[in-house]
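Novice: Be aware that the sequence shown starts at 1, since it is given in the numbering used here, and climbs by one per residue.
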Amino acid sequence: MAIRIVAPEFAHSSEVMIAIKNQLERYHTKYNAPDPTGPSLPEVYQKLAGAERLIWHTQPWHIYLDDYDYPDGWPAWALRLPHSSWPYEDGSEYLAVQTGWMWVGQLPTRATEQPTP
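1. Could you tell me if residue 12 is buried or exposed, where buried requires 16 or more neighbouring beta carbons within 10 angstroms of its beta carbon?
2. Just verifying my parser: in three-state terms, what is the DSSP assignment at residue 7?
3. Compute the Euclidean distance between the alpha carbons of residue 96 and residue 46, then round it to the nearest angstrom.
4. Inspect the beta-carbon positions of residue 81 and residue 74 and report whether they are closer than 8 Å.
5. Residue 23: buried (16+ other C-beta within 10 angstroms of its C-beta) or exposed?
6. Locate the alpha helix (DSSP H) running through residue 33, then write down its first and last residues.
7. Write down every uninterrupted run of the beta strand (DSSP E) in the segment 12-87 whose length is 3 residues or greater and which is fully enclosed by it, in chain order.
8. Counting along the chain, where does the beta strand (DSSP E) carrying residue 91 start and finish?
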């Protein structure tokens, strides 16, 4: 199980994810690489019942823009934020723009893992 809390898009992008069988390792690997430059879990979420039982990892939150939506170039607001450009297989591009952070809380999956206080 993983809980993903997203800022600033909490209502649209936050979710609870349940993994079974082969998906379990996929989620654990996908959300197990925290960004050391990111902020810690906001205090309002730390105070929620059961939050202390989870291992929380901070990761950047990106939105993706397609070049066909911006024929005159990427919007200025997107270029002011951390971003990177990537090619599609067909040669078109998309822009990954970091608009915030997400915090992923997971139950420990191995006996050696412990939640962080």
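Positions of the beta carbon are idealized from the N, C-alpha and C atoms, including for glycine.
Specialist: This is what the structure holds:
1. exposed
2. strand
3. 29 Å
4. no
5. The C-beta of residue 23 has fewer than 16 other C-beta atoms within 10 Å across all chains shown, which makes the residue exposed.
6. Here residue 33 belongs to no alpha helix (DSSP H), and DSSP marks it neither H nor E.
7. 15-17, 55-66 and 83-87
8. Taken as a continuous stretch (DSSP letters only), residue 91 belongs to no beta strand (DSSP E), as it is neither H nor E.
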